[in-house]
Every structure is written in C-alpha cells, then in structure tokens.
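Asker: Numbering (this note's numbering), first residue to last: 15 to 396. Cβ atoms here follow ideal geometry from the backbone N, Cα and C, with glycine treated the same way.
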Amino acid sequence: FREPSDTEGTFYDIYPEGVLEAYEGDENLRQKKADWGLDFNRNFPLGWFPDSRQPGAGAYPLSNPENKAVVDFVLAHPNIGGAAIGHTSGGLLLYPPGTKPSKDAPGSDIASFKAIAEMGVQELGYQPLNIFDSFMSDQTHYDSGALDDWFYQSQGIPAYTMEFWDVASKAGVPRVWAGKPEEPQKALERFNAVMDWVKTNAPEYYMDWKEYDHPVFGRVELGGLNFKYTIQNPPQKYLAAECEHDTKFNLRFAKAMPHLTLDSVQSETIGDGLFRVMAEVGNLGFLPTNLTDEAVSLKMDHPVSVSIEKAEVIEGKKVNEIGSLSGFSRTETGSFYGNLTTFANAKAKKKVSWIINGKTGDSVVIKAAQEKSGHAEKTIVL
15 FREPSDTEGT FYDIYPEGVL EAYEGDENLR QKKADWGLDF NRNFPLGWFP DSRQPGAGAY
75 PLSNPENKAV VDFVLAHPNI GGAAIGHTSG GLLLYPPGTK PSKDAPGSDI ASFKAIAEMG
135 VQELGYQPLN IFDSFMSDQT HYDSGALDDW FYQSQGIPAY TMEFWDVASK AGVPRVWAGK
195 PEEPQKALER FNAVMDWVKT NAPEYYMDWK EYDHPVFGRV ELGGLNFKYT IQNPPQKYLA
255 AECEHDTKFN LRFAKAMPHL TLDSVQSETI GDGLFRVMAE VGNLGFLPTN LTDEAVSLKM
315 DHPVSVSIEK AEVIEGKKVN EIGSLSGFSR TETGSFYGNL TTFANAKAKK KVSWIINGKT
375 GDSVVIKAAQ EKSGHAEKTI VL
C-alpha cells in the first residue's frame, strides 16, 4: 500500500494481460472498453436509463435480442411464479425493489421476500439485501433496467438475484459490494487474505510474479490470481458444492409457491334427482395465489377457478371464479404478553357449491385451477 509520503522507490500499476494497438509512451493508461459494451442487466424494460447514465444499457429497452428472448419466454409461460437469477459473485441474495426504497413497496411483499431469503442464509450462507436500500451505492443516480425488477414491478413475480460464490468468506474477511464502500488499506488487507487462501486451497489458479519482456512495455512482471476462477467463480473443485447449495435454495423457493388443493368434496341428496355438491378449495403454499400485492396493484392477480364437470347444473355457475387465496405467509402469529398467539389467519380456503340433476351412483368431477398455483381435481360418486 503506497502511503502519501512514498515518493522514492519502485511502484507498480496493475493491469490485465494484453497489448496496446497504439502506444507512444503515454503512462496515463486506461483499460479499453469491451468491444460491444453491453450490460444485459441494464436492458430490461423497467426503470431503464440510457447509456449516458449507465454504460451498457443499450439503445433502448430490449434492444438486445437475448433480453427480448427472456421477456418473450416469460410472457409466453404464465405459469411462472418465481425467478432466481444467477450472477457472480459476492455471496449475496438480492431482492427488489431496486428503483425505490423497500418502505414504498407493499409491506407484505417485503416480509415474504425476507422470509424466503432467510432460507438462502440457511442453505447458502449468503447475505440477503434489498437492492435499493442496501446494495446501491448511489440512490439518486442509481442503475436500473434489471431483470429482477422487471419480474417484480411489471409482472408481480417474486425474484431474487443470486450472487454466486463468496471467496471473501472462505478467506475469513468481510464481504464487499457497491453499497458498502471500503477504505484502500482494508481493500489491500482483504485482497491479501484472498490471495493467501487461493495459494493454499487452489494453487493452480495462482502464479508467482515473474519478469517478462512485453512487446510494447518492455520489462514487466506477470503473476497473481486467475480472476475468473478464484474471485468471480469458484475454483473447479468447489464448483459442485456451490451448485448443490444453490440448488437446495431454489428447490425450497419453489416449494414456497402457491399450491391448490381440494380439501373437501361432498354431496348430499336434497330431493328427487337433486343433489348439492360442495367443495372446499385451499392453498397449501406459503405465497398467496396472486403471489404478491404488487401483482394486485398491477391487476395481474388472476382468480382461482373452480368448475364442475359431468353434471347438469341447476343452481350455481358451472365455472366459478373465487378470487385469490392467501398463503400461510399471511397468517400472523407472535408473542402476546409472553404467550404465542395467532392474531390473524389468512383466507386460505373458500367454499363453492352447486345444485345438480343426477341419480345415485353418478360420478361428477370437481376441478380447481390457477395458472401460477397449479390445479387440483377430485371425482365423487353421488
């Protein structure tokens, strides 16, 4: 670390390997921009800003065919109820919104985001962060156009960005991210600890510094870490374990989705050739069938439908739309004067009934369905 008073001696600048197409001895070197300079996670159509504000954003939202393909796929598959977006690296589990403070989002959504993210802590050891509150380095001139925000703020779908791999924790030093600035001396200490860990645990990705005759700069030194397989991604022998932990979280995230059930289907005779059929429809999942309150605000909370088939309906609709069913995330249980108490039990079940023509021994079929909550079906004999 060079102190302000260090004016004599040998000092080094550090650059990636490469050559300069034109060099006239100017020491004020800058790294070349990427050939295309695209940042796919700034090109989605939610909170997009032009390239002048956030380099890599593209000419307009979805100007990249890859981004458009993702959006088209999601819109063509209305059964999608959650998204886990893979990035590297840092050991972070980020959740929206990323364009406004979390206090301005529905409180029930943020509570669900936090509860699901806690499973990420258990399975991954990752640190959960709200994007705007804690991850952004500049909450005035912030970057946006990200996929997780598009999922949540335009489709009402809960989404996480998973920053895979966390070499800092392996090395026993604190994580860092854009919204958590670091003093230069601390950065050097952290990097040295990471380098020591790599030299001990993945020496194939470290090279001691050695002199080299560069075709442009002359005598230089080459060495250090293989960034791609130490800091940005795990060394190969750690890859399987990292993927296993990530998969365990994603499977638990999937189990938090709404799940329709037909808890009870019954019939009773009410007259000559007349039967009343009753069904109780439930949601066993953590999330409600509308997924988020943001989806309600967006008017994308498609109702649960309950239908009866193989029956002549006398009273009631053949297909009933019963709105949304809450999940157990909306059940409030806590401490009341030292005693555990459930304060509010969410509406996770609803009843539907029909009067039909039929005769004893006939079979009728009851179905419940909702695009993000699956379907349930039961057959009963009158």
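Just the C-alpha distance for Lys82 and Pro75, rounded to the nearest angstrom, thanks.
Answerer: 9 Å
Asker: Could you compute how far the alpha carbon of Ala71 sits from the alpha carbon of Met176?
Answerer: 21 Å
Asker: Sort Phe263, Trp368, His228, Asp180 by Cα distance to Tyr37 and report the nearest one.
Answerer: His228
Asker: To the nearest angstrom, report how far apart Gly159 and Phe25 are at their CA atoms.
Answerer: Looking at the two C-alpha atoms, the distance is approximately 40 Å.
Asker: In the DSSP assignment, what residue or residues form a beta bridge with Ala383?
Answerer: Ala383 is bridged to Ser319, His389.
Asker: If distances are taken between C-alpha atoms only, which option among Gln169, Met271, Ile369, Lys128 comes closest to Ile284?
Answerer: Ile369
Asker: Going by C-alpha to C-alpha distance, which of Phe149, Gln167, Leu239, Pro195 sits closest to Tyr29?
Answerer: Leu239
Asker: At what residue ranges does the stretch 31 to 95 contain a whole run of the alpha helix (DSSP H), taking only runs of 4 or more?
Answerer: 79 to 89
Asker: Can the beta-carbon of Ala383 be found closer than 8 Å to that of Gly296?
Answerer: Inclusion of Ala383 and Gly296 in the CB contact set at 8 Å is not warranted, their separation being larger than that value.
Asker: Quick one: any contact between the stretch 267 to 286 and the stretch 242 to 255, if contact means 3 or more CB pairs under 8 Å?
Answerer: no
Asker: Leaving out the 5 sequence neighbours to the left and right, which residues in its chain are closer than 8 Å to Gly287 when beta-carbon positions are compared?
Answerer: Asn371, Gly372, Lys373
Asker: Mind reading off the beta-carbon distance from Gln167 to Pro110? Whole number of angstroms is fine, and I expect it under 8 Å.
Answerer: 7 Å
Asker: Counting beta carbon pairs with one atom in the stretch 88 to 98 and one in the stretch 182 to 201, are three or more of them shorter than 8 Å?
Answerer: no
Asker: For a quick check, are the C-beta atoms of Gly104 and Ser148 less than 8 Å apart?
Answerer: Their beta carbons are not under 8 Å apart, which means Gly104 does not touch Ser148 by this criterion.
Asker: Suppose the cutoff is 7 Å on Cβ atoms and the five residues either side in sequence are ignored; what does the same chain contact list for Ile336 look like?
Answerer: Closer than 7 Å at the Cβ level, and outside the excluded window around Ile336, lie Val295, Pro317, Val318, Val320, Lys364, Val366.
Asker: Between which residues of its own chain and Pro198 is the CB-CB distance below 7 Å, once the five residues before and five after are set aside?
Answerer: If we look at Pro198 and ignore the five residues flanking it on each side, its Cβ neighbours are Phe15.
Asker: Just verifying my parser: in three-state terms, what is the DSSP assignment at Trp211?
Answerer: helix
Asker: I need the straight-line Cα distance from Lys242 to Ala125, nearest angstrom please.
Answerer: 35 Å
Asker: Give me the residue from Ser340, Ile328, Phe165, Glu308 with the minimum Cα distance to Gly121.
Answerer: Glu308
Asker: Report all residues from its chain with a CB closer than 6 Å to the CB of Asp222; omit the five preceding and five following residues, and keep chain order.
Answerer: Gly237
Asker: Measuring alpha carbon to alpha carbon, tell me which residue in Asp152, Ile171, Ala207, Phe87 is nearest Lys398.
Answerer: Any property of residue 398 remains undetermined from this structure, which presents the chain solely from 15 to 396.
Asker: In its own chain, which residues sit with a C-beta less than 7 Å from the C-beta of Ser116, not counting the 5 before and 5 after it?
Answerer: Ile124, Asn144, Phe146, Asp147
Asker: Specify the secondary structure class of Met133 as computed by DSSP and reduced to three states.
Answerer: helix
Asker: Is it right to say Trp50 is buried, meaning 16 or more other beta carbons lie within 10 angstroms of its own, or is it exposed?
Answerer: exposed
Asker: With DSSP as the reference, label Gln246 as helix, strand or coil.
Answerer: Correct three-state label for Gln246: coil.
Asker: I'd like the span of the beta strand (DSSP E) that includes Trp368, first residue to last.
Answerer: 363 to 371
Asker: Using a Cβ-Cβ cut-off of 7 Å (strictly less than) and excluding sequence neighbours within five positions of Val310, which residues of its own chain qualify?
Answerer: So the qualifying residues of the chain are Asn304.
Asker: Can you list the beta strand (DSSP E) stretches of 3 or more residues lying completely in the stretch 240 to 307, in chain order?
Answerer: 274 to 285, 288 to 297
Asker: For Thr214, which of Ala325, Phe289, Thr244 has the nearest alpha-carbon?
Answerer: Among Ala325, Phe289, Thr244, the Cα nearest to that of Thr214 is on Thr244.
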